[in-house]
Structures are given as structure tokens and as C-alpha cells.
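Asks: To convert, note that position 23 of the sequence shown is 6 in our numbering; the numbers rise steadily by one, no gaps. Here it is, the structure in full.
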Amino acid sequence: MTEDLTTVEAIPESRIGFRGIRLPSFTRIMRPEPASNGLVTAPTELATLEGRNISAWFGDHQVLDRVSLTMEAGVITSLIGPSGCGKSTFLRILNRMHELVPSASLAGEVLLDGEDIYDPARKLVEARKHIGMVFQKPNPFPAQSIYDNVVAGLTLTGTRVSRDERDELVESCLTKAGLWKEVKDRLRAPGAGLSGGQQQRLCIARSLAVRPRVLLMDEPCSALDPTSTRVIEETMLELADEVTIVIVTHNMQQAQRVSQHCAFFLASQGTPGAIVEHGDTDAMFADPIDPRTFDYVNGRFG
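Following this line, the structure appears as C-alpha cells:
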């Protein structure tokens, strides 16, 4: 597949928007990890991600209209709103998955520390390496072991490491995903043999192995029991020290528990999705500016 999104569909000039505009670089937060060897020693560089004037279409159907949102470095941002308002589409746009749909097109920019990930000069694999994704349904590679699932991304990104570094990486990522103690004695067992909650944490570990700077999570707990949900939420809160997290959730309590920043999406009367309001999560839930936000977070619709 071509890496120039404008060739996915013949997009009218009016949809292209302002390509090539660069923002000044954001302040970068560097947090060193505990000393170790090889691949896992490099400090984690937290990144700010910004969607600027994002509009999106599937064929002639517009699903997002000029959405702009800054997801700050080291912060968990939750995207909330009723089904069909474009939250998951926006999330997929943030790491170039939208273009996988043959009829899809978009306008606007996605900036990772001021650099547009849709710039034709940037490789698709580079964007996916820096901006990882965890899906609603756990998707470990069924024919691979727990160990091989974690390191699968190294092959896909062409990263070459020694066996010792690989072993250390597996332990480090499984530990960060809260799974190491549960699987350390059966790393060669099939990843698909784990429980649903364990599989989701394995997918988180797999995403972490390529050292992303941003982690996108599309309703990662929707298919899990309350105990597994609690573990995943604890994992997210711990990971926020080293990766910027953006989560789509329909669970208002979850948004309140895990996120510091929140954006409320809404599409009504056949109009494309847009952000009604965004800001500090506590303020959004306690004293929102827009009455539609108040109604949604208090369960009056959606």
C-alpha cells in the first residue's frame, strides 16, 4: 500500500486542507528507566500528539468534521461519546489505520511532536512504531507462543537484537503489562491459551516491545470482566509515566478513573462527528460547559 494518503482516494482539493504546515516542537519530557542492558535502557521520550482540523470520509459519507485535539505528553486522554460519533475513526487516524479502508479519505494533519505522520517522506512503519494500538478484542497471534507474541513487533519493524536483549525485553514488557508473574514459567505456551484479560495484557506487552511513544487503546476493557478491567486500568496508570495514552471508552466511570484529559464527541441529526467539549476530566464531569456534555456524562442519552 502506498504511504501517500492522498492516493487512497481522489480527494477534492477542498478536502486536502493545509498540508506541510509545521508546529514548533513541543517540550519533550525525558524519564530514564532503571539501568539495564541493550534495548530496554534507552530513556523513554514522551510525546505530544495533535490532531489538527481532522475531517474523515468513507466514500461520500463524512464521519468527522474538523476535529482538533491535543493529547499531551505523559497524560491519559479519554475519548467519550455515543456510538457512531467518530471516536474510533479518529483513533485509527492517529496511527494511519484509516487509510487501510479502500474508500477512506481524510483532511487535516496528525502531528507527533510537531511532525506530520502523514508527510509522504515519513514511512508508514515508522508511524506505527511510534504510535502503537491496542484493540477492543484481544488479538494475540494464535500460532505463536507468549514469548514470540511479545517480540513479534521487532521483526515487523526490522529491529535486530541479541538473544539476551530479547529475553530482557520480554520480561520488561510483560512486567509493565502486569503479566510477568502469571506467565514467567510458561513463556513457550500459546498466547491464545491465556484468559481474555491476560490476552489483552499480552497485546499491551507486544505494543510496548517496539517502544512506542504513544499508545492508542480502543475500548480495551469492553469484553473483560471487572477484575480484568481493574488490572488493565492499573496497567494504564502505571504506563502513563513512560507513554502518552489515548483511550476510547463508553464507560464513564473508567474515563473518570484513568484519564486526566477528556474529549466529548457527538454526531447528531445526520451530521458528522465533532468535539463538543474537551478539557480536564474532573472538570468535564463535575462542571461541564456544554449542557450536552452534562447530559451525556450523567447518563441522560447515549
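Positions of the beta carbon are idealized from the N, C-alpha and C atoms, including for glycine. Computed from a predicted model, the values in this text were never measured in an experiment.
Within the continuous beta strand (DSSP E) that includes residue 35, where are the two ends?
Replies: Counting along the chain, the beta strand (DSSP E) containing residue 35 begins and ends at 32 to 41.
Asks: From which residue to which residue does the alpha helix (DSSP H) around residue 157 run?
Replies: 146 to 159
Asks: Within 10 angstroms of its Cβ, does residue 221 collect 16 or more other Cβ (buried), or is it exposed?
Replies: exposed
Asks: In the DSSP assignment, what residue or residues form a beta bridge with residue 244?
Replies: 60 and 263
Asks: Would you mind reading off the limits of the beta strand (DSSP E) that contains residue 233?
Replies: Per DSSP, residue 233 belongs to no beta strand (DSSP E) and is neither H nor E.
Asks: Count the C-beta pairs between the stretch 121 to 134 and the stretch 171 to 183 that are closer than 8 angstroms, then say yes if the count reaches three, no if not.
Replies: Because the criterion of three Cβ pairs below 8 angstroms is met, the stretch 121 to 134 and the stretch 171 to 183 touch.
Asks: Taking the alpha-carbon positions, what's the residue 107 to residue 47 distance?
Replies: Going from the Cα of residue 107 to the Cα of residue 47 covers about 22 angstroms.
Asks: State the DSSP-derived secondary structure class of residue 143, mapped to helix, strand or coil.
Replies: coil
Asks: Taking C-beta to C-beta, are residue 159 and residue 140 nearer than 8 angstroms?
Replies: no
Asks: Identify whether residue 170 lies in helix, strand or coil by the three-state DSSP scheme.
Replies: Coil.
Asks: Alpha carbon to alpha carbon, how far is residue 90 from residue -4? Give it in angstroms, no decimals.
Replies: Note on residue -4: pLDDT 33, under 50, position unreliable in the model; the coordinate value appears next. In a straight line, the C-alpha of residue -4 is about 10 angstroms away from that of residue 90.
Asks: Which class does residue 7 belong to by DSSP, given the choice of helix, strand or coil?
Replies: With a pLDDT of only 30 at residue 7, under 50, the local geometry of the prediction cannot be trusted, and no value is derived from it.
Asks: State the Cα-Cα distance for the pair residue 232 and residue 203, rounded to the nearest angstrom.
Replies: 8 angstroms
Asks: Buried or exposed: which applies to residue 34, given that a residue is buried once 16 or more other Cβ atoms fall within 10 Å of its Cβ?
Replies: buried
Asks: Check each candidate in 235, 229 and 188 and name the one with the smallest Cα separation from residue 283.
Replies: That would be 235, whose Cα lies nearest to the Cα of residue 283.
Asks: Just to confirm, is the Cβ distance from residue 244 to residue 276 under 8 angstroms?
Replies: In this structure, residue 244 keeps its C-beta atom at 8 angstroms or more from the C-beta atom of residue 276.
Asks: With residue 289 as the anchor, note down where its alpha helix (DSSP H) starts and where it stops.
Replies: In the structure displayed, the chain extends from -16 to 285; residue 289 sits before or after that span and is not available.
Asks: In whole angstroms, give me the CA-to-CA distance for residue 292 and residue 250.
Replies: Outside the displayed range of the chain (-16 to 285) lies residue 292, so it cannot be described from this structure.
Asks: Just the Cα atoms here: how many angstroms apart are residue 213 and residue 182?
Replies: 15 angstroms
Asks: Just the Cα atoms here: how many angstroms apart are residue 259 and residue 74?
Replies: 17 angstroms
Asks: First and last residue of the beta strand (DSSP E) that includes residue 91?
Replies: From DSSP, the beta strand (DSSP E) with residue 91 extends over 87 to 95.
Asks: Does the separation of the CB atoms of residue 254 and residue 58 fall below 8 angstroms?
Replies: no
Asks: Express the C-alpha separation of residue 247 and residue 279 in angstroms, rounding to a whole number.
Replies: 9 angstroms
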